[in-house]
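Presented below is the structure to which this report refers.
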């Protein structure tokens with residue numbers, strides 16, 4: 002790219018600043034932050050100049066703009082292999098280490114990306130942040146706002162609380178050195194003017210001593226006999242490297258395979274890197290948790306093999322329990338910060354149950370925690386900067402001090418006792434403005450959400466502060482949030498948009514419940530409803546089973562009735578315990594997702610309660626239709642659903658009206674669904690049941706309806722075969738593709754649509770458009 006002489010002069014001074022920061026950081030093995038503020042083109046040129054001075058393998062760029070700026074020309078020695086990702090793809094960098102990371106705020110301020118890159122920079126490295134000056138309105142024209150908008154809101158309706166928080170943190174932090182396009186280097190630069198805590202001889206050895214102790218102790222424990230090892234650590238503590246070293250020591254002594262599992266294999270780079278022997282001898286086998294459980298059930302895995310589950314806090318408890326009962330040698334590890342799967346509630350969610358499993362099997366349980374940073378000095382200022390900004394240092398009331406051991410873990414889990422005496426606690430709906438004005442309560446709220454749900458990430462903090470369609474309900478006492486519920490406004494949607502959703506042509510952001518009922522179930526009228534969807538509900542561990550969550554739901558119902566809301570609902574990853582909770586609060590199933598989560602193996606469930614008289618009859622119809630389909634779906638997509646959960650759902654059939662018999666006797670409804678699948682883009686799953694019913698009736702009237710005759714042309718033979726095998730007999734997609742010699746799923750669905758059109762023309766006298 003071409004850079005003007007004036008711009009080159011300025012950016013050359015910035016290069017000098019970068020070099021000074023890098024040298025200062027190296028002396029103390031800490032990380033520096035250089036914040037470049039100015040016009041977009043100026044920050045682009047400045048970043049490009051610095052980037053060209055850094056060897057590619059040590060540089061990562063998070064930007065949508067810098068791809069062209071860093072593209073080499075014929076005379077350029079700069080290698081084009083530099084790692085460049087968009088803010089939405091920053092997780093691809095996890096497990097790697099860099100001496101410099103450039104984050105381009107002009108491409109979007111993504112809190113998850115900020116959290117992810119915070120641990121990628123090694124001691125002596127520099128984080129470079131590019132942005133417009135915070136005093137300029139362009140600073141707040143953030144592309145990420147588009148991801149927070151849902152109809153009818155626009156980007157102008159998205160609040161600036163997180164951006165203001167980010168700007169204040171950058172301006173107030175001593176670790177940040179700012180260089181502005183107009184004003185130059187900020188004076189004084191607190192980072193450069195602070196004497197570096199130079200590493201004394203042996204400092205690195207001291208930092209690694211904790212890791213070395215774990216490797217020796219955990220290896221010996223695993224070699225001594227059946228046991229489980231639990232390891233937790235914050236980012237930069239050498240957790241992944243330590244696991245790799247334990248695996249290598251195990252492989253030197255045992256001629257057994259090593260199974261490794263995690264929600265995302267890409268984050269295991271460091272584990273593989275330090276397990277050289279296992280890697281070279283091809284002893285590693287990676288499987289997702291759900292696949293591993295299936296293999297265990299098939300008996301195709303040796304129970305005596307070593308199992309490593311990384312980021313175990315992001316794996317559902319029932320899968321961890323199953324694996325703990327199967328394997329005799331296991332390492333569970335988890336990061337205690339939320340962007341890789343939250344570990345704050347790991348102790349109380351699983352470790353106490355693991356202690357019971359190990360005790361019942363007569364096997365040992367060992368706990369370890371790595372607290373000493375290895376990637377950088379304990380005097381590093383960048384880690385506390387990000388912890389404060391993203392609330393990643395929120396401490397649990399029940400500290401995850403795993404050194405307390407199994408007995409203490411069980412004690413903590415069993416110490417929860419119901420108490421309905423909470424007269425001084427207030428249950429209220431609060432605004433984001435109020436939370437910003439009460440930072441202690443904001444911190445307590447986010448800490449609660451972090452402990453309660455393993456998928457809570459820094460991105461949820463921005464949603465909490467800035468989303469225009471979010472309602473925040475809390476029960477609090479003093480500065481402590483006891484319980485919380487986050488609720489999203491959904492619907493009503495314009496008629497034209499509802500039609501596009503029904504036809505499968507559009508999937509607008511948000512509005513989950515109206516969209517599911519319109520697109521997946523087929524009820525167009527649901528698009529016109531005003532809905533409140535509970536997206537997160539949590540109670541502090543010490544206050545559980547005391548009615549706080551139900552009290553919040555009741556308050557939300559009262560608010561909804563006053564504001565003419567038609568429906569209250571929630572969608573969640575279904576377990577018997579959660580379903581029981583929602584049914585106790587009168588929210589009952591109206592739809593089950595047909596695709597199991599690839600990591601958890603669980604199915605999503607949609608529950609709802611009608612709140613306005615106009616919805617009561619529609620609601621009964623939804624429920625009847627749901628139960629009419631359930632047995633059919635169990636034979637296909639729901640075959641792997643937990644039997645206890647399926648039984649619970651099925652047992653509610655009697656309350657669905659007409660003993661679960663679908664009482665929507667409108668032939669037009671079924672006909673419209675079939676034509677919608679044939680002519681538009683409705684999914685097969687949303688149409689399969691009505692197709693099946695129609696074919697059953699036709700076959701009952703004429704047993705030879707789908708019999709292929711010599712008079713049929715080739716297309717009709719294919720249609721009959723597809724309708725018979727896939728729809729009527731419910732053979733699997735793979736089996737049908739093989740039997741009919743199709744090229745794959747796309748061809749299968751294409752031909753099923755044509756078969757549905759042929760059937761509609763034959764039965765409904767429908768003529769394709």
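In this note's numbering, the protein residues as written are 2 to 770. Ideal Cβ placement from N, Cα and C applies to all residues, glycine included. Remember, predicted model here, so these are calculated numbers, not experimental data.
Residue i - partner residues in DSSP beta bridges
| i | result |
| --- | --- |
| residue 334 | 232 |
| residue 430 | 474 |
| residue 484 | 476 and 540 |
| residue 605 | 574 |
| residue 285 | 259 |
| residue 592 | 607 |
| residue 179 | 36 |
| residue 185 | 181 |
| residue 582 | According to DSSP, which records beta bridges pairwise, residue 582 is partnered with nothing at all. |
| residue 25 | The partner list for residue 25 (beta bridge, DSSP) is empty, contrary to what the question assumes. |
| residue 533 | 490 and 569 |
| residue 367 | 230 |
| residue 99 | 122 |
| residue 310 | 262 and 333 |
| residue 85 | 62 |
Beta-carbon proximity check, residue i vs residue j, cutoff 9 Å
| i | j | result |
| --- | --- | --- |
| residue 37 | residue 184 | no |
| residue 45 | residue 125 | no |
| residue 155 | residue 233 | no |
| residue 589 | residue 609 | yes |
| residue 433 | residue 466 | yes |
| residue 638 | residue 592 | no |
| residue 726 | residue 693 | no |
| residue 133 | residue 237 | no |
| residue 115 | residue 443 | no |
| residue 271 | residue 309 | no |
| residue 129 | residue 230 | no |
| residue 426 | residue 367 | no |
| residue 163 | residue 530 | no |
| residue 122 | residue 239 | no |
| residue 765 | residue 689 | no |
| residue 135 | residue 168 | yes |
| residue 84 | residue 57 | yes |
| residue 711 | residue 721 | no |
| residue 753 | residue 678 | yes |
| residue 582 | residue 606 | no |
| residue 127 | residue 193 | no |
| residue 276 | residue 244 | yes |
| residue 91 | residue 63 | yes |
| residue 553 | residue 566 | no |
Burial state of residue i (16 or more Cβ within 10 Å)
| i | result |
| --- | --- |
| residue 472 | buried |
| residue 283 | exposed |
| residue 751 | exposed |
| residue 418 | Caution is warranted here: a pLDDT of 41 is assigned to residue 418, below 50, making its placement in the model unreliable, and the coordinate value is therefore given only provisionally. It is exposed - the Cβ of residue 418 has fewer than 16 other Cβ atoms within 10 Å. |
| residue 736 | exposed |
| residue 13 | exposed |
| residue 617 | exposed |
| residue 212 | buried |
| residue 828 | An answer regarding residue 828 cannot be provided, because it is not within the stretch 2 to 770 covered by the chain. |
| residue 774 | Here the chain has residues from 2 to 770 only, and residue 774 is not among them. |
| residue 602 | buried |
| residue 145 | buried |
| residue 330 | buried |
| residue 246 | buried |
| residue 745 | exposed |
| residue 646 | buried |
Heavy atom of the ligand PLP within 8 Å of residue i beta-carbon
| i | result |
| --- | --- |
| residue 430 | In the structure shown, the ligand PLP is absent, as is every other ligand, since no ligand is present at all. |
Test: residue i CB closer than 9 Å to a CB of chain B
| i | result |
| --- | --- |
| residue 527 | Given the protein chain composition of this structure (a single chain), no chain B is represented. |
- Message: Could you tell me which whole beta strand (DSSP E) segments of length 3 or greater appear in the stretch 105-157?
- Response: 122-132
- Task: Please confirm if the stretch 494-512 is in contact with the stretch 677-693, defined as three or more CB-CB distances below 8 Å between the two stretches.
- Result: yes
- Message: Under 8 Å, with one C-beta from each stretch per pair, do the stretch 16-24 and the stretch 102-116 reach the 3-pair mark?
- Response: no
- Query: Does the stretch 515-532 touch the stretch 541-548, meaning 3 or more C-beta pairs lie closer than 8 Å?
  - Reply: The stretch 541-548 vs the stretch 515-532: no contact.
- Message: For the structure I just gave you, are there three or more beta carbon pairs, one from the stretch 450-460 and one from the stretch 87-104, closer than 8 Å?
- Response: Contact between the stretch 450-460 and the stretch 87-104 is absent, because fewer than three Cβ pairs lie under 8 Å.
- Taking the runs of the alpha helix (DSSP H) that are 4 residues or longer, which of them lie wholly in the stretch 710-739? 715-723
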